[in-house]
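Just so you know, the working numbering puts 151 at position 136 of the first sequence, and the rest follows in order with no gaps. By construction, the Cβ of each residue, glycine as well, lies at the ideal position given by its N, Cα and C atoms. None of the values given here were measured: they were computed from a predicted structure. Down below is the structure, laid out as structure tokens.
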Amino acid sequence: MSANDSEQFDTAPNEFVDALETNIHIDPPNQAQSKIDESSRKEKNNNDLGVEMTSVDPALTGEDMNEAHTKETAAEQNGEKGIFNGMVFYLNRDSNAHDSIIIVEQLKNLILLNGGDIVNKLPNKDSAEAKHIIVVSPYNNTELKTVTSTFIRACVQSNKLLDMKNYLVPYDSFNALLDDAMSPPSRQEPTISESSSVNEGQPTASKPPPQNIANKRDIPTKKVSANTGVSKTSFTEEEDEFILDVVRKNPMRRTTHTLFDEISHYVPNHTGNSIRHRFRVHLSKRLDFVYQVDQYGKLVRDENGNLIKTKVLPPSIKKKFTADEDYELAIAIKQQFYKDIYQLDPVTGQSLISDNDPPARVAKRQMMMDPNVQRGSEPPFSKYRVGTRRGPIAREFFKQFTENHPTHTESAWRDRFRKFLLEYGVDKYIEYYETQKANNDEPEAMKNLTIRTKRDNFPTPGNYGNAAKRQKYEVSSNVENTLKSKGQAGDIPDAELLDEDTMKFISSLKNDLSKIDNNFGFDYTNEIAEAIRNDFSEEEAIYDNIDPNTIPFPPPIATIDLFLPQFFRMSSTQEFIEKIREIIQRDYEPSQAELLMQDLNDEAGIRKTFTSSILGSLSGDLMVLPRYFLNMFSKNQNPPIDIPGIWTSGDDDILRRGDEAEVSKLVKRQGAGRVEMRKKFLERNLI
DNA sequence: TTACACACCCACACACCAT
DNA sequence: TATGGTGTGTGGGTGTGTA
16 MSANDSEQFD TAPNEFVDAL ETNIHIDPPN QAQSKIDESS RKEKNNNDLG VEMTSVDPAL
76 TGEDMNEAHT KETAAEQNGE KGIFNGMVFY LNRDSNAHDS IIIVEQLKNL ILLNGGDIVN
136 KLPNKDSAEA KHIIVVSPYN NTELKTVTST FIRACVQSNK LLDMKNYLVP YDSFNALLDD
196 AMSPPSRQEP TISESSSVNE GQPTASKPPP QNIANKRDIP TKKVSANTGV SKTSFTEEED
256 EFILDVVRKN PMRRTTHTLF DEISHYVPNH TGNSIRHRFR VHLSKRLDFV YQVDQYGKLV
316 RDENGNLIKT KVLPPSIKKK FTADEDYELA IAIKQQFYKD IYQLDPVTGQ SLISDNDPPA
376 RVAKRQMMMD PNVQRGSEPP FSKYRVGTRR GPIAREFFKQ FTENHPTHTE SAWRDRFRKF
436 LLEYGVDKYI EYYETQKANN DEPEAMKNLT IRTKRDNFPT PGNYGNAAKR QKYEVSSNVE
496 NTLKSKGQAG DIPDAELLDE DTMKFISSLK NDLSKIDNNF GFDYTNEIAE AIRNDFSEEE
556 AIYDNIDPNT IPFPPPIATI DLFLPQFFRM SSTQEFIEKI REIIQRDYEP SQAELLMQDL
616 NDEAGIRKTF TSSILGSLSG DLMVLPRYFL NMFSKNQNPP IDIPGIWTSG DDDILRRGDE
676 AEVSKLVKRQ GAGRVEMRKK FLERNLI
């Protein structure tokens, strides 16, 4: 399949553009209907990347909109007419009708891009309207004209309208009966969220359809070994193309485990391990291009807003150390020691001592210098040997070294020094490297020096199979089951669900603490809430009165491990803070902690792990969230310390120790209400 | 019989934290 | 502040058993 084909047929959903896990957007249900018509029109404009136009929120899909607009303009200019012009289709989105929601989206794109229309709701089978609708489904439980998805693909591939009668699906009364029997009461007729091509009210493609009645349908059936629990399902061409498309849009993550684990949420029949293996062994050969990304892995677009294909793979996340890098580090370390001991420049041999040196420098020098060496009798740098010396090496050294050698981070260089160079020996590696070079042999980087004792009860790194998942999410199973029973789970992939404790405490706290109900077993009295609110209003002038426009954007402390590309696409700190304030004003139900996390993730670009950690330090009080960021950014501290409402581990320790004087100080800063509340959190081990 | 789906491994790059 | 301990998950695989 060519690159162009793959773009048309099998494309990643928005979730995988820039950051795979980030763009699940849920339209408020009450807006769903009003957006259908507009969305349907926009779907026709889907670009050649197959980007879904599920959300019409311009703030979220601006780039996609641009792409769609480009496509529309080009199509109009070319006066293209599609093979499906004048035809109206209904896509069966039942979970068992197609292998995955992705395939439904592909079909949708094919129809729309070729001039067809899609209706989101089936009319009564006896109505006049129904006679013009063509249902796309592997089975016919509607008594309407039904074709298989092959009809759509075959027409597009041959670029002509084929004879439909070869693809018609006869009415299947058994399946109709089965569907009725298995449908929940709310599915008396297809709802907008289930059948709509715009998928309102659901995070498109974030929830692969379950395969629970696969035995009756022409979809792959997973066979499970009784002995091992391992099941195997072949990869379909659509799955392969989907995987390739995601990798093309996330090229920096192509070797990670997490990318493929995330993909597995969208490819229901396979684990992250197997998808990763599939890519490495079979699909990597077909990765004939990727989309260009910047240094952070964010997709780059051309002046028309289109993604840019490239055959040049970006560097992956972690870079291996090379022999040259090891040698340069060894030489730099040796030079630093030489300077410290002899106060001589290792290159020129000139003294580094000056009569004008400040006292601090003189004091430091006297600590570092070798007292046994007489001035003037120092060895030249070439004769100097580091020996068993291990330090001290100032952090400033690694900072400076990283500036000159930006291929690795400061932490990585320091770790390389600690774990490898010191273990191997500075002198030994320099000698080895220079000998190899002198003999025209290629030196190797240092390796196999970091054996750590195996820790029991810890999962093996890089294992994204079923067992690892089970272990990782075992703790959240109860909460998950509860939510599922309430029909609230499933919108977010299992991996995104919070652990039970986090769920409990966040669920217990809403925007307005005084409105807290105690359904979650958390004794959070109105008195405490009121005390906190009183404190809060007094604190606002001091701790929230920071003009975000005085904070440069992005703030230096806002790193990519805390924030997603959406964050960095914002134009100012003001915009970010406004978004935060807007989100926390929403009326989240206590059970919607995941939704809150998701919204902060999607709309403000805050990684869920970071949100979770912040909410912990805020005891879940969302009102303090803008304060957290304002102070974090302006003080360049994370978490910002000595700020009311923001708890540090030190504060928690004070509470645990219970020292009266210390607690008293804490009460002054945090207020009695917050201290009482925090104690309860600590008592329940919710932090 | 064998290709391949899936589980599993492990060194180590990068990171954070306590002392 | 320097340093050591160690968590996390990448990068590059290998092992196992099923289709």
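What does DSSP give as the partner residue(s) for residue i in the beta ladder?
i	result
Thr325	Val305
Ser366	Leu359
Val151	Leu106, Val162
Arg404	DSSP lists no partner for Arg404.
Arg316	Leu322
Phe578	Ile621
What residue range does the beta strand (DSSP E) around residue i cover?
i	result
Phe3	Residue 3 lies beyond the range of the chain shown here (16 to 702); nothing can be said about it.
Leu106	103-106
Nearest-angstrom Cα distance between residue i and residue j?
i	j	result
Arg713	Gly477	In this structure the chain extends from 16 to 702, so residue 713 is not present and cannot be described.
Leu464	Met267	27 Å
Leu436	Ser397	19 Å
Lys650	Ile566	10 Å
Gly688	Ser279	45 Å
Lys247	His292	13 Å
Gly312	Arg584	13 Å
Glu457	Leu670	59 Å
Ser208	Ser289	Residue confidence is low: Ser208 scores 23 on pLDDT, short of 50, so the model does not pin down where it sits. No coordinate-derived value is stated.
Asp668	Ala676	13 Å
Glu555	Ile656	16 Å
Leu159	Val103	13 Å
Ala619	Tyr643	14 Å
Thr417	Asn124	47 Å
Phe166	Glu252	17 Å
Asn455	Leu344	21 Å
Lys175	Gln121	18 Å
Phe625	Asp317	32 Å
Asn560	Lys683	20 Å
Ser392	Arg400	15 Å
Thr403	Gly440	8 Å
Lys587	Pro641	With the sequence shown as reference, residue 587 is identified as Ser, and Lys is not the correct amino acid for it. One C-alpha to the other measures close to 14 Å.
Gly320	Lys264	15 Å
Tyr168	Asp255	In the sequence as displayed, the identity of residue 168 is Arg instead of Tyr. Straight-line Cα distance between these residues: approximately 16 Å.
Phe582	Thr450	50 Å
Just to check my reading of the structure: residue i and residue j have Cβ atoms closer than 8 Å, yes? What is that Cβ distance to the nearest angstrom?
i	j	result
Ala460	Thr337	6 Å
Arg693	Ser634	6 Å
Ile572	Asn646	Ile572 to Asn646, Cβ: 11 Å. No contact.
Lys324	Phe304	5 Å
Gly97	Asn135	With a Cβ gap of about 19 Å, Gly97 and Asn135 do not count as contacting.
Val151	Ser164	6 Å
Tyr479	Asp276	4 Å
Pro330	Val308	So it is not a contact: roughly 10 Å between Cβ atoms.
Leu615	Ile598	6 Å
Ile445	Tyr342	7 Å
Grab the span of the alpha helix (DSSP H) containing residue i for me, first residue to last.
i	result
Ser679	675-685
Asp442	441-453
Asn419	410-419
Ile557	Counting along the chain, Ile557 falls outside any alpha helix (DSSP H), and DSSP gives it neither H nor E.
Glu457	Segment: none, Glu457 is in no alpha helix (DSSP H) and carries neither H nor E.
Lys379	374-383
Pro641	640-650
Lys300	It is not in any alpha helix (DSSP H) - Lys300 carries neither H nor E in the DSSP assignment.
Arg390	Here Arg390 belongs to no alpha helix (DSSP H), and DSSP marks it neither H nor E.
Gly665	664-672
Arg596	588-600
Leu274	273-279
Asp430	425-431
In chain order, each alpha helix (DSSP H) run of at least 4 residues that lies wholly inside the region 117-148: none
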